[in-house]
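Colleague:
Protein chains: 2
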Amino acid sequence: MTNASSPKQAVVIGAGLVGALWTVFLARRGYRVDVFERRPDMRAAGYAGGRSINLAMSVRGWAAIDKAGIRDKIEKVAIPMPGRMMHAADGQLSYQPYGKEGEAIYSVSRGGLNLELLQIADAYPNVQFHFEHRCTDVDLQNPQISFEDLRTGQHKTVEAPLIFGADGAFSAVRYALQRTDRFDYIQRYIEHGYKELTIPPAADGKHRMDPNALHIWPRGNFMLIALPNADGSFTCTLFLSFEGEISFEHLTNNDAVLAFFNRYFADAVPLMPTLVEDFWANPTSSLVTTQCYPWQWQNRILLIGDAAHAIVPFYGQGMNAGFEDCTILDTMYDAYGGDWARIIADFSAQRKKDGDAILELALRNFIEMRDLVGDPKFLLRKKIAARLHERYPGFLPVYSMVSFSNTPYHVALREDDHQNELFRRILALPGIETNWDGPEVERVFTEWVKP
Amino acid sequence: MTNASSPKQAVVIGAGLVGALWTVFLARRGYRVDVFERRPDMRAAGYAGGRSINLAMSVRGWAAIDKAGIRDKIEKVAIPMPGRMMHAADGQLSYQPYGKEGEAIYSVSRGGLNLELLQIADAYPNVQFHFEHRCTDVDLQNPQISFEDLRTGQHKTVEAPLIFGADGAFSAVRYALQRTDRFDYIQRYIEHGYKELTIPPAADGKHRMDPNALHIWPRGNFMLIALPNADGSFTCTLFLSFEGEISFEHLTNNDAVLAFFNRYFADAVPLMPTLVEDFWANPTSSLVTTQCYPWQWQNRILLIGDAAHAIVPFYGQGMNAGFEDCTILDTMYDAYGGDWARIIADFSAQRKKDGDAILELALRNFIEMRDLVGDPKFLLRKKIAARLHERYPGFLPVYSMVSFSNTPYHVALREDDHQNELFRRILALPGIETNWDGPEVERVFTEWVKP
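Chains as they are written, first to last, in our numbering: chain F, 1 to 451; chain R, 452 to 902.
#1: Chain R beta carbons: is any one of them nearer than 8 angstroms to that of Ser-171 of chain F?
#2: Among the residues of its own chain, which have a CB less than 6 angstroms from the CB of Gln-455 of chain F, if the five just before and after it don't count?
#3: Terminal residues of the continuous alpha helix (DSSP H) containing Glu-324 of chain F?
#4: Ordered along the chain, which non-local residues of its own chain (more than five positions away) have a Cβ less than 7 angstroms from that of Gly-50 of chain F?
#5: So, is Asp-801 of chain R buried or exposed, given that buried needs 16 or more other C-beta atoms within 10 angstroms?
#6: Within 8 angstroms (strictly less), CB to CB, does Ser-286 of chain F reach chain R?
#7: State yes or no: is the beta carbon of Ile-186 of chain F nearer than 8 angstroms to at least one beta carbon in chain R?
#8: Between Arg-494 of chain R and chain F, is the shortest Cβ-Cβ distance under 8 angstroms, so that the two count as touching?
#9: Which of the three DSSP states is assigned to Glu-819 of chain R in this structure?
#10: Please work out which residues of its chain come closer than 6 angstroms, Cβ to Cβ, to Leu-754 of chain R, disregarding the five sequence neighbours upstream and downstream, and give them in chain order.
#11: Which residues bound the alpha helix (DSSP H) around Asn-705 of chain R?
#12: Could you have a look at Gly-165 of chain F and say whether DSSP puts it in helix, strand or coil?
#13: With DSSP collapsed to three states, give me the class of Arg-585 of chain R.
#14: Strictly below 8 angstroms CB to CB, what residues from chain R border Arg-29 of chain F?
#15: Count the CB pairs spanning the region 528-541 of chain R and the region 560-568 of chain R that are closer than 8 angstroms, and state whether there are at least three.
#16: With a threshold of 6 angstroms on Cβ separation, who are the neighbours of Leu-591 of chain R within its own chain once the five nearest residues in sequence on each side are excluded?
#17: Which first and last residues belong to the alpha helix (DSSP H) in which Asp-184 of chain F is found?
#18: If you measure between the beta carbons of Tyr-189 of chain F and Asp-807 of chain R, is that distance less than 8 angstroms?
#19: Hey, how far is the Cα of Arg-876 of chain R from the Cα of Arg-659 of chain R?
#20: Kindly identify the DSSP beta-bridge partner or partners of Ser-286 of chain F.
#21: Taking Asp-181 of chain F as the query, report the chain R residues whose CB atoms sit under 7 angstroms from its CB, ordered along the chain.
#22: Please decide whether Tyr-575 of chain R counts as near chain F, where near means a Cβ-Cβ distance under 8 angstroms.
#23: Between Ala-455 of chain R and Gln-128 of chain F, what straight-line distance do the alpha-carbon atoms span, to the nearest angstrom?
#24: Among F:Gly-168, F:Ser-247, F:Ala-169 and F:Ala-268, whose alpha-carbon lies nearest the alpha-carbon of Thr-198 of chain F?
#25: Tell me whether Val-414 of chain F sits in a helix, a strand or coil according to DSSP, three-state version.
#26: Can you tell me whether Ala-461 of chain R is helix, strand or coil according to DSSP?
#27: Would you check if the distance between the CB atom of Gly-14 of chain F and the CB atom of Asp-167 of chain F is smaller than 8 angstroms?
#28: Give the straight-line distance between the Cα atoms of Leu-830 of chain R and His-840 of chain R, rounded to the nearest whole angstrom.
#29: What's the gap between the Cα of Ala-813 of chain R and the Cα of Cys-292 of chain F?
#30: Please state the DSSP three-state secondary structure of Ala-426 of chain R.
#31: Determine the direct distance from the alpha carbon of Pro-143 of chain F to that of Glu-470 of chain F, and round the result to whole angstroms.
#32: Just to confirm before moving on: does the CB-CB distance between Ala-213 of chain F and Gly-91 of chain F stay below 8 angstroms?
#33: Let's test the definition: count the other Cβ atoms within 10 Å of the Cβ of Ile-752 of chain R and tell me whether it reaches 16, buried, or not, exposed.
#34: For Lys-352 of chain F, count the other beta carbons within 10 Å of its own beta carbon; 16 or more makes it buried, fewer makes it exposed. Which is it?
#35: For the alpha helix (DSSP H) that Glu-390 of chain F lies in, which residues bound it at each end?
#36: Anything in the region 637-653 of chain R with a Cβ closer than 8 angstroms to a Cβ of chain F? List those residues in chain order, please.
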């Protein structure tokens, strides 16, 4: 058993966002950490693919950043997005705040954030990074891990008493666990793919749209979104079915692509001078979700982040969930006096339901973003929810619970079911469109809120 | 593209039941077949583990055996089981026929059947078996497959234009497909494990219970079953939860095992002189189910049998489903003039829903076997279903549809849902216990049967 009296030594597989942040937490505890990463060192090689993907950081992400004591280093690159800007088909804009005054999610560059975390981790003398090391095998019995050094083609084996698999949705560590008895595993691709596009800065270097919003063009079964970057550009993502009537399979030439964008995203087209070039240069990527259990092998190997719970990006919670893994583990480290056997077993057992819940919430939010955001009933629901929250501060809309609180995800999912029932009743009230702030709504709410 | 004009050459991975039978089908078509199997040649080495597992062969299995023209070789080792013999807690027996007069499922030895199929396949000069070859890698791009020869430790690579992955629930071929984009995959272990036990022949060499029945000791959340062997013995299987109040985790010593058997299976204990020894000698094994899609890689690699659809054994359909795969493929071969590109794509697309359906039916049948078989309402339902079938031959109980017909599994599952609704209505009739053959039942049936 590895516990407080064992040598403080750990291996982290994966130097992505979660692997790098978790390395910082371990390093602060005085652990000697060896981090193995398949990709080249991005500090020398630049971001993978050179694309400037961005992510939405919300309260759970910041909580981990705070706990690691590095907020000042991260904050400077984050752009607040206090609400959504909805682009209707006719180009009309409408703005919906995400939460209360002062609450926002933050657009951060994945590459920039990863780079910053690598630098923070690497500043610890007890941290050693090993880039371009591909994990080829995990021998669970010893345990030891084999790597191929991609620069030399040489193979090496590392003994490791304590291993964290932070190697993402296609985790090699998880593939090894998958072969063990009674390991449950699901990988499921959604029917939609995505393609990244860009809105470059205006001639004066400024953003071509309001930078303090997450822009959405909801179109029923598909959507375009845009998040601001610090350099004045926006990174856009088109989410569209791979197959079907309106889908990637029909966008096979310049004319088809332009006709599609002109028809559905007409106000965005003038902002995207390299639309067609970008469309062909950037891949059409798939979206995988994974669920597994247990997240551990005995008391020595633990999966964290996407390796344990890869979700779809529609709630902006993938990174936030992985960062929250770090917060919880670091808190357990204190609570259990560094007894990894207990930490690993309890984390796997307790956190699993949160991983499943944020997956379900993210899948539901895809429907909301692409479909409901433009629906009058949905807008009415948002308006009533905000008013109820003003009047009864104990009533927290689920979006706020997920994005602006640290409430466990599985509680938020239960609350989502519960609130869906409330609004089913409220929206069925006669004349609700005009009486949305009336006594009947109060009455339904008072009844619903009773235990 | 591999089609009728290409060299007739194929690789089969796995020489288990489905791999061996499918090799016979290919060999009959004049294909040169190389079969690779991880285990030693059972003709020299005996059955794996020496245990005499048996299986229930029903109509779908026989249909494939017939189509391969080898019924006479298989029939001699099969013992008909026209019904279930239910052992109540007090030792009372009750018999339920599975179907009509003349219908039966058949107990066959897994090892004996596999051996027979290997011999039939090996008699073809165009078939070459390669035992003790572990598949270590599948290079999908070329495609070629790497093996380790377990006798010499040497590695070899085989080019293969057409590959059938018949390598079971833990298929190496499927693990390779799993890494491809948009491949959906689920592996899920049920909470129950199983342990094999034995009832040896009586002193006179005869069976100690009625050999022409599948014996069941249903006990709610767990059960014991026994299938007859040709040598006068029965192979028993205990299905029991791994954890919980009544579970394997509490059966930790001789006293606990004996107390458990004496309490729940008292009439079986005197028939099992080596019960305690067998309990410790035989492993407690887990039960995995897998689902995946697509079942193919391009037009070159196809998963069949458990590699494509591993299910639980509670409907006795695992082997039957795999054998039916062979029947369907061989039928498609004629229909599509040997065009493997079409066969592979269509098989994967059409057969998937049958694989999912028989998994669901098998999971439902576990509830029925362990729980409902001893339930008076369930027995009443069986009685009414049999009467309705007598009166309206078009009304086929789902068990018969699955076991005594070749109706696609997905149709049987739909019918199961539909019939569950019928019996929900019938069993809710007042006084149904006495009026089970009355006009009210007729009325409900007539209404239900309307389209």
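C-beta: ideal position from N, C-alpha, C; glycine also.
Modeller: Reading off the structure:
#1: Taking the first residue of the first sequence as position 1, residue 171 of chain F is located at position 171. No, no contact with chain R.
#2: Absent from the model: residue 455 of chain F. The displayed extent of chain F is 1 to 451, so no value can be given.
#3: Here residue 324 of chain F is taken as the residue at index 324 of the first sequence, counted from 1. Segment 318-335, the alpha helix (DSSP H) holding Glu-324 of chain F.
#4: Within the first sequence, numbered from 1, the residue matching residue 50 of chain F stands at position 50. Here the model assigns Gly-50 of chain F a pLDDT of 41, short of 50, so the residue's position is not dependable and the matter cannot be decided.
#5: To locate residue 801 of chain R, count along the second sequence from 1; it is residue 350. It is worth fixing the name first, because residue 801 of chain R is Gln in this sequence and not Asp. Its Cβ having fewer than 16 others within 10 Å, Gln-801 of chain R is exposed.
#6: Taking the first residue of the first sequence as 1, we reach residue 286 of chain F at position 286. Look at Ser-286 of chain F: its C-beta is under 8 angstroms from a C-beta on chain R.
#7: By 1-based counting over the first sequence, the position of residue 186 of chain F is 186. Yes, Ile-186 of chain F lies at the interface with chain R (some Cβ there is under 8 angstroms from its Cβ).
#8: In the second sequence, counting from the first residue as 1, residue 494 of chain R sits at position 43. Not closer than 8 angstroms to any Cβ of chain F, the Cβ of Arg-494 of chain R fails to qualify, so no.
#9: Walking along the second sequence from the start, residue 819 of chain R turns up at place 368. DSSP places Glu-819 of chain R in helix when its eight states are reduced to three.
#10: Residue mapping note: residue 754 of chain R aligns to position 303 of the second sequence, counting from 1. Cβ neighbours of Leu-754 of chain R beyond the five flanking positions: Gly-616, Arg-625 and Trp-746.
#11: Mapped onto the second sequence, residue 705 of chain R falls at position 254. First-last of the alpha helix (DSSP H) with Asn-705 of chain R: 705-715.
#12: Looking up residue 165 of chain F in the first sequence gives position 165. In the structure shown, the three-state DSSP call for Gly-165 of chain F is strand.
#13: By one-based count along the second sequence, residue 585 of chain R stands at place 134. The answer is strand: DSSP assigns Arg-585 of chain R an E or B state.
#14: Here residue 29 of chain F is taken as the residue at index 29 of the first sequence, counted from 1. None at all; the shortest Cβ gap to chain R is about 34 angstroms.
#15: yes
#16: Counted from its first residue, the second sequence places residue 591 of chain R at position 140. Same-chain partners within the cutoff: Trp-748.
#17: Taking the first residue of the first sequence as position 1, residue 184 of chain F is located at position 184. Not the alpha helix (DSSP H): Asp-184 of chain F falls in the beta strand (DSSP E), residues 184-199.
#18: Here residue 189 of chain F refers to the residue found at position 189 when the first sequence is read from its first residue. Here residue 807 of chain R refers to the residue found at position 356 when the second sequence is read from its first residue. No, these two residues do not count as a Cβ contact at 8 angstroms.
#19: For the purposes of this step, residue 876 of chain R is identified with residue 425 of the second sequence, where counting begins at 1. For the purposes of this step, residue 659 of chain R is identified with residue 208 of the second sequence, where counting begins at 1. Going from the Cα of Arg-876 of chain R to the Cα of Arg-659 of chain R covers about 42 angstroms.
#20: Counted from its first residue, the first sequence places residue 286 of chain F at position 286. In DSSP, Ser-286 of chain F forms a bridge with F:Gly-193.
#21: Here the question's residue 181 of chain F lines up with position 181 in the first sequence. Simply Ser-737.
#22: Position 124 of the second sequence, counting from 1, holds the residue named residue 575 of chain R. Cβ-Cβ to chain F under 8 angstroms: no for Tyr-575 of chain R.
#23: For the purposes of this step, residue 455 of chain R is taken as the residue at position 4 of the second sequence. For the purposes of this step, residue 128 of chain F is taken as the residue at position 128 of the first sequence. For Ala-455 of chain R, the pLDDT reaches just 45, beneath the cut-off of 50, and the residue's location in the model is therefore unreliable, although a value from the coordinates is still provided. Spanning the two alpha carbons is a distance of roughly 58 angstroms.
#24: Taking the first residue of the first sequence as 1, we reach residue 198 of chain F at position 198. The shortest Cα separation from Thr-198 of chain F among F:Gly-168, F:Ser-247, F:Ala-169 and F:Ala-268 belongs to F:Ala-268.
#25: Translated into positions along the first sequence, residue 414 of chain F becomes position 414. Here residue 414 of chain F is Arg; the residue named in the question, Val, does not match the sequence. DSSP places Arg-414 of chain F in helix when its eight states are reduced to three.
#26: Against the second sequence, residue 461 of chain R aligns to sequence position 10. In the structure shown, Ala-461 of chain R sits in a strand (DSSP, three-state: E or B).
#27: By one-based count along the first sequence, residue 14 of chain F stands at place 14. By one-based count along the first sequence, residue 167 of chain F stands at place 167. Yes, the pair counts as a contact, with Cβ atoms nearer than the cut-off.
#28: One-based indexing of the second sequence puts residue 830 of chain R at position 379. One-based indexing of the second sequence puts residue 840 of chain R at position 389. Leu-830 of chain R and His-840 of chain R have their alpha carbons spaced roughly 15 angstroms apart.
#29: Stepping through the second sequence from its first residue, residue 813 of chain R is reached at position 362. Stepping through the first sequence from its first residue, residue 292 of chain F is reached at position 292. Their Cα atoms are separated by approximately 23 angstroms.
#30: Examination of residue 426 of chain R is not possible in this model, given that chain R is present from 452 through 902 alone.
#31: Outside the displayed span of chain F (1 to 451) sits residue 470 of chain F, for which this structure offers no information.
#32: Walking along the first sequence from the start, residue 213 of chain F turns up at place 213. Walking along the first sequence from the start, residue 91 of chain F turns up at place 91. The answer is no: Cβ separation not under 8 angstroms.
#33: Position 301 of the second sequence, counting from 1, holds the residue named residue 752 of chain R. Buried.
#34: As a first step, residue 352 of chain F is located in the first sequence; it is residue number 352 there, counting from the start. Lys-352 of chain F comes out buried.
#35: Numbered from its first residue, the first sequence carries residue 390 of chain F at position 390. Segment 376-391, the alpha helix (DSSP H) holding Glu-390 of chain F.
#36: Answer set for the region 637-653 of chain R: Ile-637, Gln-638, Arg-639 and Tyr-640.
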